[in-house]
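Read the structure below first, then the notes.
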Amino acid sequence: MTSPHQPPVRQSATEIDLCAADWLQRQSFWTWSAEDQADFDTWLAQSRAHRIAYWRQKSVWESAQRLKALRAPMARPGWSIPATKTKPFVLRIAAAAIFAALVGTIGYRDLGSVSKPENVYATPVGGRETIALSDGSRIELNTNTRLRVHTDKHTRMVMLERGEAYFDIRHDAARPFVVDVAGHRITDLGTKFTVRDGADRLEVTLLQGKARLDSTDRSNPPNSAVLSPGEVAIATPQSVTVIRKPKKILDSQMGWRRGVLTFYHATLADAAREFNRYNQRKIVVVDDAAESELIDGTFPVNDVDLFGRVAHSVLGARIENKGHDIVISR
Amino acid sequence: MAEIPDSGREEADLRPMGAAMTAAELEAWFVREVLPLETMLMRFLRRNWRDRSDIEDLRQEIYVRVCEAAEAEMPKSAKAFVFATARNLLTDLIRKENVVPIAAIADPDSVGLDADEPLQDRTLIAKDELRRLQDALDKLPPRHREAVVLGRIEGLTGREIAARMGIAEGTVSQHLKLGMHALADLYLRDATDAGRRS
Chain V
682 MTSPHQPPVR QSATEIDLCA ADWLQRQSFW TWSAEDQADF DTWLAQSRAH
732 RIAYWRQKSV WESAQRLKAL RAPMARPGWS IPATKTKPFV LRIAAAAIFA
782 ALVGTIGYRD LGSVSKPENV YATPVGGRET IALSDGSRIE LNTNTRLRVH
832 TDKHTRMVML ERGEAYFDIR HDAARPFVVD VAGHRITDLG TKFTVRDGAD
882 RLEVTLLQGK ARLDSTDRSN PPNSAVLSPG EVAIATPQSV TVIRKPKKIL
932 DSQMGWRRGV LTFYHATLAD AAREFNRYNQ RKIVVVDDAA ESELIDGTFP
982 VNDVDLFGRV AHSVLGARIE NKGHDIVISR
Chain Z
373 MAEIPDSGRE EADLRPMGAA MTAAELEAWF VREVLPLETM LMRFLRRNWR
423 DRSDIEDLRQ EIYVRVCEAA EAEMPKSAKA FVFATARNLL TDLIRKENVV
473 PIAAIADPDS VGLDADEPLQ DRTLIAKDEL RRLQDALDKL PPRHREAVVL
523 GRIEGLTGRE IAARMGIAEG TVSQHLKLGM HALADLYLRD ATDAGRRS
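Going down the list, the protein sequences come from chains V and Z.
The numbering of the first sequence is our numbering, which starts it at 682 and goes up by one.
The numbering of the second sequence is our numbering, which starts it at 373 and goes up by one.
Next comes the structure, spelled out in C-alpha cells:
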C-alpha cells in the first residue's frame, strides 16, 4: 500500500489533492491504526491547503454514498413509498433522500433513460420535503401532505391528495404539467405556484408565470380561471374566486418553505389553526375574546412554546399546558 | 508555479475576538458555499489565465485565501468573495510577472457570473446531485470505476475488493485513490469543463 508522502518544499495542488484522496481511501478501506491517525493529523496540521483538499475530497466522497440508492433492484411495480420520516429543517438532506428514492427503483444502469411511472410522496405533520423531478421541475411538500407523481413521454401529472405543495415547473409545451386536486385541475403555463387543499376550500397561489385552473368535477358547473402572478384562486366545489394579494402577504405565506410562519394581523384563532397544521401538540384557544386578538410575528413552524410565550407576554393571555396541548385563554 | 504574493492575507490578522469560526464550522461553510462554485471558478480561471498548468494551483490558492479570511469573518456572499479573491490573485500575479495587461482580467459579471445568487446555485446543484454523481462515476476509467463502485456502492473493504477484482491490495489502493480523486474533479465541475485536468 502506498503511504501519502510528506510534502517537499512545495507540492502542486494536484499532488496535494492526490494525497487527500489517498488518506481518505486508507481511512475508508483499510485497517487504520493510532499511528496512522497521528500521521494523518500531522499532515492535516501542516497546511491549510491540506485541510481544504481533504474537506473537498471528503465532501464528494460522502455525497457519493447516495449512489447506493442506485443499487436497489426493481421494486414492486406501481408504488414506491419514499421515506417520510425526514426531520424538518434539513432540506438539503431531505431533497437528496427523496430524489434518491425517486430514482431508487430504477435499475442501476438505467438511470436517466427510464422514468418510473408513478411515485407517492408524503410528509407527516411537521414534515417538509423537496422532490426534484428529472425534467428540472421541483416540488416542495409542506406539512401533512401526500401526493402522487406520474410522468411519461407525454404527460407530467401530480395528484395532490392532501396538504400543500409548492411547484416550480419547467414549462414544456409538448408535455404539460397538471396538478389534480379536489375536483380541480391546474395546468401550468410556465410557472411557480402553490396549491393548498384546505378543509373547505382549495387555494392556488401563483407566484410566477401563468397557470389555468379548471374544475373537473362534472356534477358542478364548469369553472375556470387563468391566474397571473400575485393572484390567488380560491375554489370550492361550487365556485372559483380570484383575488389579488400584496407581495408582502404572499411572501409571508411562503414562509413554510423556510420553516417559518409569518402572521400580519392574524387573529389568535387563525394563527393557532395555522400552527396546528405543523404540530402534533395543538394550540387550543378557549374563549372568544382571546380568539379575536391580533397577532404579528414570525415563528419557527414547530415552536409551539414560543408562540405561547408571545401570546402571554404580548397579549397578556393565560397559557396552560393541558396534557399534550397548550390552552390559551384570557 | 510562480511564488504567490501575500496580499489578501492581512484580513486574517484583523480577526475580531470571538468572531472566529471553529474548524468544523469553516469546513461546513466551505463545503456548502464555496465548493459548489468550483465549475464557475475554473471557467473564470481558464478564461483569464493563459497557462493552463497553473490553474489547479491558482484554484487551491484561492481556496486557501478564502478560508483564511472566512475564518476571521464570514463573508456575506461567498460567491462575490471567491471571485473578488480570484481577481485579486490574478492581478497580483500579473503585476509581479508583468505578463498581461491588467485590463485583460474579465469582470466576473461579463463572463456570465451573477454574484448575487448563491442560493440558486445550491438549488441547481442539489437538484441533480445524484445524476451528476452518476455521470462522474461513468466517466472514470474502468478499473478505477470498478474499485469505487465495489467500495462505495457495494460497501466492500479494500481486502474484499482485491479478492473480487483479483488484484493486489496495493493496486486496489491506487485505483481507489485515483478514482476518488477523479470523481471529485468530475463531480465538482461541469461535464464540459471537467476532464481537462490530466
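Virtual Cβ for every residue (Gly too), placed ideally from N, Cα, C.
Handout entry: Rounded separation between E445 (chain Z) and F455 (chain Z) - CA only
Key = Computed Cα separation, rounded: 17 Å.
Handout entry: Closest residue to R837 (chain V) among V:V860, V:A953, V:D849 (Cα-Cα distance)
Key = Here the closest residue by C-alpha is V:V860.
Practice task
Pull up the distance between the alpha-carbon of N823 (chain V) and that of I427 (chain Z), whole angstroms please.
Solution key: Computed Cα separation, rounded: 44 Å.
Exercise for the section: Would you mind stating whether A953 (chain V) and V966 (chain V) have Cβ atoms separated by less than 8 Å? Expected result: For A953 (chain V) and V966 (chain V), yes; Cβs fall inside 8 Å.
Practice task
Run down chain Z in chain order and give the residues with a C-beta less than 7 Å from the C-beta of D698 (chain V).
Solution key: Below the 7 Å Cβ cutoff, chain Z contributes H553 as neighbours of D698 (chain V), in chain order.
Problem - D849 (chain V), buried or exposed, once every other Cβ within 10 Å from all chains shown has been counted against 16 - result: In the assembly as shown, D849 (chain V) is a buried residue. Its beta-carbon has 16 or more other beta-carbons within 10 Å.
Problem - Where E810 (chain V) falls: helix, strand or coil (DSSP) - result: Here E810 (chain V) sits in strand by DSSP.
Practice task
Inspect the beta-carbon positions of S1010 (chain V) and D951 (chain V) and report whether they are closer than 8 Å.
Solution key: Taking 8 Å as the Cβ cut-off, S1010 (chain V) and D951 (chain V) do not qualify as a contacting pair.
Problem - Test item: CB-CB of T886 (chain V) and Q934 (chain V) under 8 Å - result: Inclusion of T886 (chain V) and Q934 (chain V) in the CB contact set at 8 Å is warranted, their separation being smaller than that value.
Exercise for the section: Under 7 Å between beta-carbons, which chain Z residues line up against L705 (chain V)? List them in chain order, please. Expected result: Residues of chain Z passing the Cβ test: M552.
Problem - DSSP state of S920 (chain V) mapped onto helix, strand, coil - result: The answer is coil: DSSP assigns S920 (chain V) none of H, G, I, E or B.
Handout entry: Proximal residues to A702 (chain V) (C-beta, below 8 Å), its chain only, five neighbours per side dropped
Key = Its chain contains Q738 as the residues whose beta carbon lies nearer than 8 Å to that of A702 (chain V), once the 5 sequence neighbours on both sides are disregarded; these appear in chain order.
Problem - Residue environment, V995 (chain V), which counts as buried when at least 16 other CB atoms sit within 10 Å - result: Per the 10 Å Cβ criterion, exposed.
Handout entry: Below-8 Å beta-carbon distance, R747 (chain V) vs any chain Z residue
Key = Yes - at least one Cβ of chain Z is within 8 Å of the one on R747 (chain V).
Practice task
Starting from the N-terminal side, write out each stretch of the beta strand (DSSP E) that is 3 residues or longer and does not extend beyond the stretch 837-861 of chain V.
Solution key: Runs of the beta strand (DSSP E) inside the stretch 837-861 of chain V: 837-849.
Problem - Per DSSP, the bridge partner or partners of V406 (chain Z) - result: V406 (chain Z) is not bridged to any residue.
Exercise for the section: Quick one: using the 10 Å Cβ neighbour count with 16 as the cut-off for buried, is S909 (chain V) buried or exposed? Expected result: Exposed, by the Cβ-count rule.
Handout entry: DSSP-derived helix/strand/coil call for N957 (chain V)
Key = In the structure shown, N957 (chain V) sits in a helix (DSSP, three-state: H, G or I).
Practice task
Note down the Cα distance separating L409 (chain Z) from A916 (chain V), rounded to an integer number of angstroms.
Solution key: Between L409 (chain Z) and A916 (chain V), the C-alpha separation is close to 43 Å.
Practice task
Verify the CB distance criterion: does K549 (chain Z) have a CB-CB separation below 8 Å to chain V?
Solution key: With 8 Å as the cut-off, K549 (chain Z) counts as an interface residue toward chain V.
Exercise for the section: Classify H835 (chain V) as helix, strand or coil using the three-state DSSP reduction. Expected result: In the structure shown, H835 (chain V) sits in coil (DSSP, three-state: anything other than H, G, I, E or B).
Exercise for the section: Evaluate N1002 (chain V) with the Cβ neighbour count: other Cβ atoms within 10 Å of its Cβ, from every protein chain shown; 16 or more gives buried, anything less gives exposed. Expected result: Around the beta carbon of N1002 (chain V), a 10 Å sphere encloses fewer than 16 other beta carbons of the protein chains shown; the residue is thus reported as exposed.
Exercise for the section: Would you mind stating whether L894 (chain V) and H865 (chain V) have Cβ atoms separated by less than 8 Å? Expected result: Taking the C-beta atoms as reference points, H865 (chain V) is found nearer than 8 Å to L894 (chain V).
Handout entry: Chain-ordered neighbours of I733 (chain V) on chain Z, where CB pairs are closer than 8 Å
Key = Within chain Z, the C-beta atoms nearer than 8 Å to that of I733 (chain V) come from F402, Q432, Y435, V436, C439, in chain order.
Problem - Per-residue contacts from D429 (chain Z) into chain V (C-beta, under 7 Å) - result: By Cβ distance, chain V contributes S693, A694.
Problem - the ligand SAH heavy atom lying under 7 Å from the CB of F416 (chain Z) - result: Because no ligand of any kind appears in the structure shown, any question about the ligand SAH cannot be addressed here.
Exercise for the section: Over the uninterrupted beta strand (DSSP E) stretch that includes G890 (chain V), give me the two end residues. Expected result: Its beta strand (DSSP E) spans residues 883-896.
Practice task
Taking A730 (chain V) as part of the alpha helix (DSSP H), name the residues at either end of that continuous run.
Solution key: For A730 (chain V), the enclosing alpha helix (DSSP H) begins and ends at 729-744.
Problem - Cβ pair K873 (chain V), L883 (chain V) closer than 8 Å - result: For K873 (chain V) and L883 (chain V), no; Cβs fall outside 8 Å.
Exercise for the section: Return no unless some Cβ of chain Z is closer than 8 Å to the Cβ of W937 (chain V). Expected result: Chain Z contact via Cβ: absent.
Practice task
Report the rounded CA-to-CA distance for D816 (chain V) versus T723 (chain V), giving the unit in angstroms.
Solution key: If you draw a straight line from the Cα of D816 (chain V) to the Cα of T723 (chain V), it is about 46 Å long.
Exercise for the section: Name the two residues that bound the continuous beta strand (DSSP E) containing T943 (chain V). Expected result: In the DSSP annotation of this structure, the continuous segment of the beta strand (DSSP E) that includes T943 (chain V) starts and ends at 941-948.
Practice task
Output, in chain order, the set of chain Z residues within a Cβ distance shorter than 7 Å of R729 (chain V).
Solution key: Per Cβ cutoff of 7 Å: V436, C439, E440.
Exercise for the section: Run down chain Z in chain order and give the residues with a C-beta less than 7 Å from the C-beta of W1012 (chain V). Expected result: No information on residue 1012 (chain V) is available, as it lies outside the stretch 682 to 1011 that chain V covers here.
Problem - Nearest to K891 (chain V) (by Cα), restricted to the options V:D881, V:A906, V:R877 - result: Minimum Cα distance to K891 (chain V) is reached at V:A906.
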